[in-house]
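Chemist: I have a structure I would like to understand better, so I am pasting it below and will then ask my questions one at a time.
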Amino acid sequence: MTSADVGVPADPSGARLEQSIARLLTGGTYAAIVLLAIGFALMIASGVSPLSGGPRFDITAIPGDLLALRPTGFLWLGLLVVVATPAARVLASLIGYARRGEQRMVIVAALILAVIALSVVAATGLEG
Amino acid sequence: MTDGLLLLIGGVAAGVFGSLLGLGGGILIVPFLTLVFGFPLLEAVGVSLVCVIMTSGAAAGVYLERRVANLRLGMTLELFTAIGALFGGLIAFLLPERLLEFVFALLLAYTALTMARRRDASEAPADATPPPAANDLASDDHAFLDTLSGPGYRVHNLGFGVIGSVVAGIASALLGIGGGLVKVPVMHVIMGVPLRVATATSNLMIGITASASAIIYLIRGSIDPYAAAPTAIGVFIGASIGSRTAHRIQLRVLRGLFVAILLYTAWQMLQRALG
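Structure follows, in structure tokens:
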């Protein structure tokens, strides 16, 4: 056992799964940072104060705002990447555990995704 | 421009302190946004949730790559933190803001006292693993607990872990924190997980915990993208600086300063709660 291998049992295919998930988490975080930084730079360039109160979230407006290089498009996309990255990690785990035939972990991952989906439904329902 | 820079600098400070002292930035971001900039508490919590997801994402990636975090255990417990966060995210909009401010003031005071009493990690026992609970588990449950365990430790008392996770999820959603203050002690002291693994696994779980409630804050219009961007970028930069400079800093002095800041902030938050 190396000094680093303290959290989990030695398991080559498990290690590969964890490496892929680690890359997904790191990549998602850096993608979000880049998008938020672009949005923030555009905000400053267009003279928008961060205390002026941003617009409400509207997923349908994002593509148009991105094409028009409006700050809100990059900011909302960055925030969506932040919020979606952990769920993407669970989805990747679900697929990985399914390939390894670990049914119990597949069920756990599926239930986590169901709770996340329920959050979306509950929040949307309350708004409606 | 100036306000954006102030938010960025405040985020950097929260990220540096949080990283050096092993706290998420959330405990600092919420008072920073409410007390300095006058944000409503729920909006501050929404921004804070974004920040804790981002810092935990980067750190959890490193912990997984080094195989310190226990993915199976983390996923099993985060199912329950997510349930707690869903519940907390829904009731947050029903509770009076002053009540939440009062609870946050208590959390700040509790964190300050815990930090004042905390010994250096090097002085802490390497593994305060109590013997497994003597309850009669079915062999199937034993087999499942075995899959959640790691080299040199065996996970037990999963029921307490489940309860602790639900509580951590509710606290995270109501107060915009990562919930490590609850999860790490439960995993380490009650479930027998080594401290280093418990800390890394808690970090991994923060992403799902915070995103379950952040989705609710996002859809209900309580995340302001203009304020969230500079703060989150600042926290990310600060956490990176903190993790690279931790070994060069006299943590005892810093901890004393931090305790004083937390107690002062708790007093300010209490005054705000009492109007």
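Residue numbers (the working numbering), protein chains in the order written: chain A, 172 to 299; chain B, 889 to 1163.
Note that the Cβ used here is the ideal one computed from N, Cα and C, for glycine as well.
Starting from Glu953 of chain B, find everything on chain A with Cβ-Cβ shorter than 7 Å and list it in chain order.
Modeler: Here residue 953 of chain B refers to the residue found at position 65 when the second sequence is read from its first residue. Going along chain A in sequence order, the residues near Glu953 of chain B (Cβ under 7 Å) are Gln190, Ala193.
Chemist: Expressed to the nearest angstrom, what Euclidean distance is found between the alpha-carbon atoms of Val205 of chain A and Gly249 of chain A?
Modeler: Start at 1 with the first residue of the first sequence, and residue 205 of chain A comes out as number 34. Start at 1 with the first residue of the first sequence, and residue 249 of chain A comes out as number 78. Roughly 8 Å separates the two Cα atoms.
Chemist: For the alpha helix (DSSP H) containing Thr256 of chain A, list its first residue and its last residue.
Modeler: If you number the first sequence from 1, residue 256 of chain A lands on position 85. Looking at the DSSP string, the run of the alpha helix (DSSP H) that includes Thr256 of chain A is 242 to 271.
Chemist: So is Arg1005 of chain B buried or exposed if we call it buried at 16+ other beta carbons inside 10 Å?
Modeler: Along the second sequence, one-based indexing puts residue 1005 of chain B at 117. So Arg1005 of chain B ends up on the exposed side.
Chemist: Please work out which residues of its chain come closer than 8 Å, Cβ to Cβ, to Leu1166 of chain B, disregarding the five sequence neighbours upstream and downstream, and give them in chain order.
Modeler: The structure shown does not extend to residue 1166 of chain B, since chain B spans only 889 to 1163, so no value can be given for it.
Chemist: Determine the closest residue to Phe1146 of chain B out of B:Ile1096, B:Ser1053, B:Ala901, B:Ala1088, with distance taken between C-alpha atoms.
Modeler: To locate residue 1146 of chain B, count along the second sequence from 1; it is residue 258. Ranking the options by Cα distance to Phe1146 of chain B, first place goes to B:Ala901.
Chemist: Pairing CB atoms from the stretch 1053 to 1066 of chain B with CB atoms from the stretch 935 to 943 of chain B, are three or more of them under 8 Å?
Modeler: They touch, by the three-pair rule.
Chemist: Based on the DSSP output, what are the partners of Gly1038 of chain B in its beta bridges?
Modeler: If you number the second sequence from 1, residue 1038 of chain B lands on position 150. DSSP output for Gly1038 of chain B lists B:Tyr1041 as bridge partner(s).
Chemist: Alpha carbon to alpha carbon, how far is Arg1108 of chain B from Ser1099 of chain B?
Modeler: Position 220 of the second sequence, counted from the first residue, corresponds to residue 1108 of chain B. Position 211 of the second sequence, counted from the first residue, corresponds to residue 1099 of chain B. If you take the alpha carbons of Arg1108 of chain B and Ser1099 of chain B, they lie about 14 Å apart.
Chemist: I'd like to check one pair, Val1043 of chain B with Ala1056 of chain B: are the Cβ atoms closer than 7 Å?
Modeler: One-based indexing of the second sequence puts residue 1056 of chain B at position 168. One-based indexing of the second sequence puts residue 1043 of chain B at position 155. No, these two residues do not count as a Cβ contact at 7 Å.
Chemist: Taking C-beta pairs closer than 7 Å, name the residues in chain A that Arg960 of chain B reaches, listed in chain order.
Modeler: Along the second sequence, read from residue 1 onward, the residue named residue 960 of chain B stands at position 72. Ordered by position in chain A, the residues that pass the 7 Å Cβ test against Arg960 of chain B are Met276.
Chemist: Do Ala1088 of chain B and Ala957 of chain B have their beta-carbon atoms positioned less than 7 Å apart in this structure?
Modeler: Looking up residue 957 of chain B in the second sequence gives position 69. Looking up residue 1088 of chain B in the second sequence gives position 200. The answer is yes: Cβ separation under 7 Å.
Chemist: Quick test of the definition: if touching needs 3 or more C-beta pairs under 8 Å, does the stretch 220 to 238 of chain A touch the stretch 983 to 1003 of chain B?
Modeler: Flag = no, the stretch 220 to 238 of chain A and the stretch 983 to 1003 of chain B do not touch.
Chemist: Give me, in chain order, the residues of the same chain whose beta-carbon lies closer than 6 Å to that of Ala936 of chain B; leave out the 5 immediate sequence neighbours on both sides.
Modeler: The residue labelled residue 936 of chain B in the question sits at position 48 within the second sequence. Here residue 936 of chain B turns out to be Ser, not Ala, going by the sequence shown. Same-chain partners within the cutoff: Gly914, Ile917, Val918, Gly1064.
Chemist: Using a Cβ cut-off of 7 Å (strictly closer), state whether Phe1124 of chain B contacts chain A.
Modeler: By one-based count along the second sequence, residue 1124 of chain B stands at place 236. Yes, Phe1124 of chain B lies at the interface with chain A (some Cβ there is under 7 Å from its Cβ).
Chemist: CB-CB under 6 Å to Leu196 of chain A, same chain, minus the five flanking residues each way: which ones, in chain order?
Modeler: Working through the first sequence from its first residue, we reach residue 196 of chain A at position 25. Counting only Cβ-Cβ distances below 6 Å, and skipping sequence neighbours, we find Arg260.
Chemist: Below 8 Å CB to CB, which residues in the same chain sit around Leu237 of chain A once its five sequence neighbours on both sides are set aside?
Modeler: Here residue 237 of chain A refers to the residue found at position 66 of the first sequence. Excluding positions up to five away in sequence, the list reads Gly244, Phe245, Leu248.
Chemist: Between the alpha carbons of Gln1156 of chain B and Gly1163 of chain B, how many angstroms are there, rounded?
Modeler: Along the second sequence, one-based indexing puts residue 1156 of chain B at 268. Along the second sequence, one-based indexing puts residue 1163 of chain B at 275. Cα to Cα, the separation comes out at about 11 Å.
Chemist: Quick check on Pro1095 of chain B: does DSSP put it in helix, strand or coil?
Modeler: One-based indexing of the second sequence puts residue 1095 of chain B at position 207. Reading off the sequence, residue 1095 of chain B comes out as Gly, not Pro. In the structure shown, Gly1095 of chain B sits in a helix (DSSP, three-state: H, G or I).
Chemist: Would you say Ala948 of chain B and Leu1092 of chain B are within 7 Å of each other, going by their C-beta atoms?
Modeler: Within the second sequence, the letter at position 60 stands for residue 948 of chain B. Within the second sequence, the letter at position 204 stands for residue 1092 of chain B. Contact: yes.
Chemist: Among B:Phe927, B:Gly976, B:Leu996, B:Met1079, which one has its Cα closest to the Cα of Leu961 of chain B?
Modeler: For this step, residue 961 of chain B is matched to residue 73 along the second sequence. The residue with the shortest Cα to Cα distance from Leu961 of chain B is B:Met1079.
Chemist: Could you give the residue range of the alpha helix (DSSP H) that holds Ala980 of chain B?
Modeler: As a working note, residue 980 of chain B is residue 92 in the second sequence. Segment: none, Ala980 of chain B is in no alpha helix (DSSP H) and carries neither H nor E.
Chemist: Check whether the Cβ of Asp1112 of chain B lies closer than 7 Å to any Cβ atom in chain A.
Modeler: To locate residue 1112 of chain B, count along the second sequence from 1; it is residue 224. It does: the Cβ of Asp1112 of chain B has a partner Cβ on chain A nearer than 7 Å.
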